[in-house]
Structure formats: structure tokens, C-alpha cells
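A short worksheet on the structure shown next.
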Amino acid sequence: MLYLWPSITLLVVVLLLVKNRNSLNKNKIIEICLLSLLVIMVGLGSIWAFMGHAFMSAQMAAYIGWPAGNPFQLEVAFTNLAFGILGLLCWKIRDNFWTATIIGITVFYWGAAYIHAMEIINKSNYAPGNSGIPVYVDIIIPLILIVLLIAYKKTMIKPGEAV
Numbered sequence: 001m002l003y004l005w006p007s008i009t010l011l012v013v014v015l016l017l018v019k020n021r022n023s024l025n026k027n028k029i030i031e032i033c034l035l036s037l038l039v040i041m042v043g044l045g046s047i048w049a050f051m052g053h054a055f056m057s058a059q060m061a062a063y064i065g066w067p068a069g070n071p072f073q074l075e076v077a078f079t080n081l082a083f084g085i086l087g088l089l090c091w092k093i094r095d096n097f098w099t100a101t102i103i104g105i106t107v108f109y110w111g112a113a114y115i116h117a118m119e120i121i122n123k124s125n126y127a128p129g130n131s132g133i134p135v136y137v138d139i140i141i142p143l144i145l146i147v148l149l150i151a152y153k154k155t156m157i158k159p160g161e162a163v
């Protein structure tokens, strides 16, 4: 399941690049990549995580190596739902809304990566959902979002600039 959202994102990016091939410039390419990540990885991926934590909490807890029945898991579910909604809203709301969404998901993901690292160090929790790819995703996705956002803003044509 970890490869589902990145695969869909990559497919959508390729399709959008092909669809827009006649009007592509550096900024448009970055915009397509960034918006696809926000809507699919952050939006749909977070809603998927919400459903897992809310409706299959015992299985998710086992996957992460945590005890089942912890009410904080439902809080994590609603946090995922909030970021899922923000990610989907990026489709229509642009500019600094993207920045705010990226700041929020970065704090959440990097905080999760820190907690997973502490679980590994302090409790030797090497459960599949607590180590390996999930931790790398928690670190790498925000980095990619930040780099793309900076590149997007730097390549935007300012009012009064020649095209």
C-alpha cells in the first residue's frame, strides 16, 4: 500500500505533463508536480490514513507496533483527515494556502518521524509501520514539497515582468 499514492501521483504528473505539453515552462512543470503531490499524496493519502486509523485501528496499531485501543489513535485519525481536506483544497485554493498546508504537513510528518525514531531507539520497535519506508516517507515527502514550493515561487512570473 505504501507505493499506491506515489505511483498514482507519478502517473497523474506524467498525464498532466503530456496533456499540457504545448504550454509547459519551468513554472508549469513545477506547479503540476507540486499540486499533484499536495492533492494526491497529502490529500488522498491522508484521507486513506484517516480511514485506517479510524476504522481499522487495531490493525494499524499492530502495524506500527503500538498497543491497540489507545484513544490517541483516533486523534491521529482526525489529524490525517484535516490534512487530507487541506490537501484536496489545494486544488482550488492557491498561493499561501499551499505554503500553510506544506508547513502543517511538514510539522506533522517530521514529528511522526521523530516519534518513530525514538520508538526504535528507546523500545527497539522495528514494526513495519514504525521503521523503514514509512519513516523515510515522513522525512522525504515534506522535503520534496518544500523544495518544489520554493522552486515554484522562484519561477513565478511577477506582475510587470516580460514573459
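FYI, my numbering numbers position 139 of the sequence shown as 139, with every residue one higher than the one before it. We treat Cβ as the ideally placed atom computed from N, Cα and C, and that holds for glycine.
Identify whether C90 lies in helix, strand or coil by the three-state DSSP scheme.
When DSSP states are grouped into helix, strand and coil, C90 belongs to the coil group.
Cβ neighbour criterion (16 or more within 10 Å) applied to P159
exposed
When you compare only the Cα positions, how much space is there between A62 and A151?
39 Å
Close Cβ partners of I32 (< 8 Å) along its chain, the five nearest in sequence each way excluded
The beta carbon of I32 sits closer than 8 Å to those of V13, L16, L17 and N20, all from its chain and outside the five residues before and after it, given in chain order.
Short check: CB of F78 to CB of G104, under 8 Å?
no
Let's test the definition: count the other Cβ atoms within 10 Å of the Cβ of E98 and tell me whether it reaches 16, buried, or not, exposed.
The question names Glu, yet the displayed sequence has Trp at residue 98. Looking at its Cβ environment, which holds 16 or more other Cβ atoms inside 10 Å, W98 is buried.
Which of the three DSSP states, helix, strand or coil, is assigned to K28?
helix
Under the three-state DSSP convention, the category A62 falls into:
helix
Drop a sphere of 10 angstroms on the beta-carbon of D138, count the other beta-carbons inside from all chains shown, and report buried for 16 or more, exposed for fewer.
buried
Please determine if the region 113-132 and the region 88-96 are in contact, where contact requires at least 3 C-beta pairs separated by less than 8 Å.
Three or more beta-carbon pairs separated by less than 8 Å are not found between the region 113-132 and the region 88-96, which leaves the two stretches without contact.
Exposure of F108, with buried meaning 16 or more beta-carbon neighbours within 10 Å:
Buried, by the Cβ-count rule.
Starting from the Cα of L86, find the closest Cα among G52, K26 and T106 and give me that residue.
Comparing Cα-Cα distances from L86 to each of G52, K26 and T106, the minimum goes to T106.
Are the Cβ atoms of L74 and A58 separated by less than 8 Å?
Contact flag unset, no.
L24 versus A68: straight-line alpha-carbon distance, rounded:
If I take the Cα positions, the gap works out to 49 Å.
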